[in-house]
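A.B. asks:
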Amino acid sequence: MTTEPPKGDVLLSKQQSQEDLDATFEEKGDLEPVRSVSSTKAPTSQDAPPLVEQPQDFGPKTPLTGIRRALVFFGILVTLFLAALDQTIVTTTLPSIAKDFNNFSDISWVGTAYLLTTTAVQPLYGVAADLAGRKRSMLFACSIFMVGSALCGAAQSMTMLIVARTVQGLGGSGIIALTMILVADIVPLRQRGTYQALVALIFAVAAILGPLLGGAFTDNVSWRWAFYINLPIGALAMFLLTVFLHMNRRKNVPLHTTLKSLDYTGIFLMVGSIIMILLGLNWGADAKYPWNSPAVLCLIIIGVVVGAVFILNEWKVAKRPIIPLRLFGTISIALTYLNVFILGFIFLGLLFFLPLYFQAVNGASAVRSGIDLLPYVIVSSVSAIIVGLMMTRFNTYKEFVVAGFIIGTVGSGLMTTFDEYSSQGMIIGTLILQGASMGLTVNTLLLGIHAQLVNKSDIALSTSLWTFLRTFGGVFGIAIGGAFVQSSLSEAGASEYAQNIQAIAKLPQDVKAPILRAFVVGLQRFFILLTVLSGIAAIASIFIKKVSLGPRKDTSPTAAIAAE
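For the sequence shown, the working numbering gives the first residue as 1, with consecutive numbering after it.
1) Quick one: grab the DSSP three-state call for G535.
2) So for L262, helix, strand or coil by DSSP?
3) Buried or exposed for I67, going by 16 or more other Cβ atoms inside 10 Å?
4) Ends of the alpha helix (DSSP H) at V199?
5) Secondary structure at D337, three-state DSSP: helix, strand or coil?
6) Quick check on this structure: which residue in V205, K135, R165 and Q168 has the alpha carbon closest to the alpha carbon of S380?
7) Given a cut-off of 8 angstroms, decide if F527 and T566 are closer than it, judged by their beta-carbon atoms.
8) Count the other CB atoms, across all protein chains shown, that sit within 10 Å of the CB of R224; report buried if there are 16 or more and exposed otherwise.
9) Using only CA atoms, which one of A129, L77 and I162 lies nearest to I107?
10) Suppose the cutoff is 6 angstroms on Cβ atoms and the five residues either side in sequence are ignored; what does the same chain contact list for F227 look like?
11) Would you call A184 buried or exposed, if buried means 16 or more other Cβ atoms sit within 10 Å of its Cβ?
12) For G169, which residues from the same chain have a beta carbon less than 6 angstroms from its beta carbon, with the 5 sequence-adjacent residues on both sides left out?
13) How close, in whole Å, do the beta carbons of L139 and N230 come, if the pair is a contact with beta carbons under 8 angstroms?
14) I want to know whether the region 431 to 440 touches the region 398 to 407 - three or more CB-CB distances under 8 angstroms.
15) Can the beta-carbon of M391 be found closer than 8 angstroms to that of L445?
16) Hey, how far is the Cα of S137 from the Cα of L182?
17) Going by DSSP in three states, I501 sits in which element: helix, strand or coil?
18) Kindly indicate if chain D contains any beta-carbon less than 8 angstroms away from that of G344.
19) Short check: CB of A177 to CB of G126, under 8 angstroms?
20) Does N443 come out as helix, strand or coil in the three-state DSSP assignment?
21) Evaluate the contact criterion for the region 260 to 276 versus the region 315 to 325: three or more CB pairs, one atom per stretch, below 8 angstroms.
22) DSSP three-state call for I229: helix, strand or coil?
23) Within the continuous alpha helix (DSSP H) that includes P294, where are the two ends?
24) Whole angstroms are fine: how far does the CA of A308 sit from the CA of E53?
25) With H, G and I counted as helix, E and B as strand and the rest as coil, what does DSSP make of A403?
26) Taking C-alpha atoms, which residue in E496, S365 and A164 lies nearest to I515?
27) From K545 to S383, what distance separates their C-alpha atoms?
28) What are the start and end residues of the alpha helix (DSSP H) that includes W109?
29) Find the nearest neighbour of L189 within the set G75, T179, Q509 and G388, judged by alpha-carbon distance.
30) Report the rounded CA-to-CA distance for A460 versus F101, giving the unit in angstroms.
31) Let me make sure I understand the geometry here. Which of G193, F145 and A128 has the alpha-carbon closest to that of F394?
32) For the alpha helix (DSSP H) that T179 lies in, which residues bound it at each end?
33) Does the beta-carbon distance from G477 to L356 come in below 8 angstroms?
34) Can you tell me the Cβ-Cβ gap for V520 and D419, rounded? I've got them flagged as a contact below 8 angstroms.
35) Are the Cβ atoms of L77 and I202 separated by less than 8 angstroms?
36) Cα-Cα, which of S157, G171, I331 and G408 is closest to A120?
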């Protein structure tokens, strides 16, 4: 028995028969034959149907072409730039903020609050995109982000600023997740790599410009403008998305039906687990508490236990799970997600600790460290665009992933030799290798996930999971790297210089030498870990399934919608 899938963004009826569900999920396309999700066994939560059907029904009402497509993507990338920028722009404003509020003990929370909420709620936006629609969810996230930015700029106390940063993070999380979802909706799979390369470029540029802009605002105007600047730019982006992005709308579904379908237990367990783990890692990495202190251990252990309960809930209890376990349905796709986590660990780890190496060990200024990082950023961005074009040309992604992690293993191995005496040529050559590795893998993994999906209506959920794992891996990487550096400094009796690297340059040479050596040892330990992880990812990539990305002259989702 087959039925034509209904059009629109609708919840599946509970009365729909299992045969109808099977027919709904079986798709004919340019990928390998798709298996039905039905089986003779009793259905479990991981076999539960997606919240919505037919991912093409989420796309634009008419094809995006020419100037309209350019304006829509400009609006999307601008909002993403603002959300990514706010992860780093505060780093150079913190001393002035602490001085203005006369509160130095809580200053780290200005960054932590944004990072926690940005990471914790990302998977929820995948559900929101399916239930409320892409455009509504994106505009909602932008609005929350701008409200948070206004509150940050107007904050009159440290507590108010921290709360405002939490609000800002709730919006920034949605912007980051929904950007990738919208790209998946608008661009056909085989051409998607080029557009996703632009997304990677935005993250890299934001990571470099953030500290520079924060310092410029602080020195020349006020630290408050590091937040106020989001308002006019964000308003322009929202205007472009409102006017030029016309998405297909959901059929009218009663609000109570939508709300009843949410997995509230899963939401509570997931957010609680993520916050506890990240908070424990953050406290340990910042040396707020020792790693073996009850505060850190309890947060991490309880967070892991709650996470295990969350997985059990998604697997056995939830009727409409936030992260359906069917997303990990094959070894190949599970290995792909593992590599996404490792990629995030390496990517954010390098963006954070390479500048630390330049500033602490080589004595570079914040501006100079940004310049020193340019080979990595430029090569990763250019190679990502080239790889996107090559994937379109050769209809493959697996080879790029394998090659990328092999090159990354070599690059990380060379970084283990970085010390006080490393030549500029050695550093630049290694950064070029690492940049090439990142360009080969950063967007390719997401295309691999999309290509391997059994149910195309899982685009939003799988994309938000990709975003979450990459971000969570990055937070994990920063915490572990911080632990290595802090441990090495503690062994040298120089823990206080972890947060005050500018003071090192003023020390006598005989005092400075052991401190520099401690930084080098800690960073080398971290780079050794990156080498091991890159090697694991390279081996895992060999077992990733190779699936077609579609015909060369692919019909875009937007064109298919217009044809209906």
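Backbone N, C-alpha and C define an ideal beta-carbon position, used for all residues, glycine too.
C.D. replies: To lay it out plainly:
1) helix
2) coil
3) exposed
4) R192 to N220
5) It should be noted that the sequence gives Tyr, not Asp, for residue 337. In this structure, Y337 counts as helix in the three-state DSSP scheme.
6) V205
7) The requested residue 566 is not part of the displayed model; the chain covers only 1 to 564.
8) buried
9) I162
10) S149, C152 and G153
11) buried
12) Y114, T117 and T118
13) About 15 angstroms; that fails the 8 angstroms criterion.
14) yes
15) no
16) 11 angstroms
17) helix
18) The structure shown has no chain D; it contains just one protein chain.
19) yes
20) coil
21) yes
22) coil
23) P294 to L312
24) Any reading at E53 must be qualified, since the residue scores a pLDDT of 38, below 50, and its modelled position is unreliable; the value itself is stated next. Spanning the two alpha carbons is a distance of roughly 29 angstroms.
25) helix
26) E496
27) 23 angstroms
28) W109 to A120
29) G388
30) 41 angstroms
31) G193
32) M158 to I186
33) no
34) 5 angstroms
35) yes
36) G171
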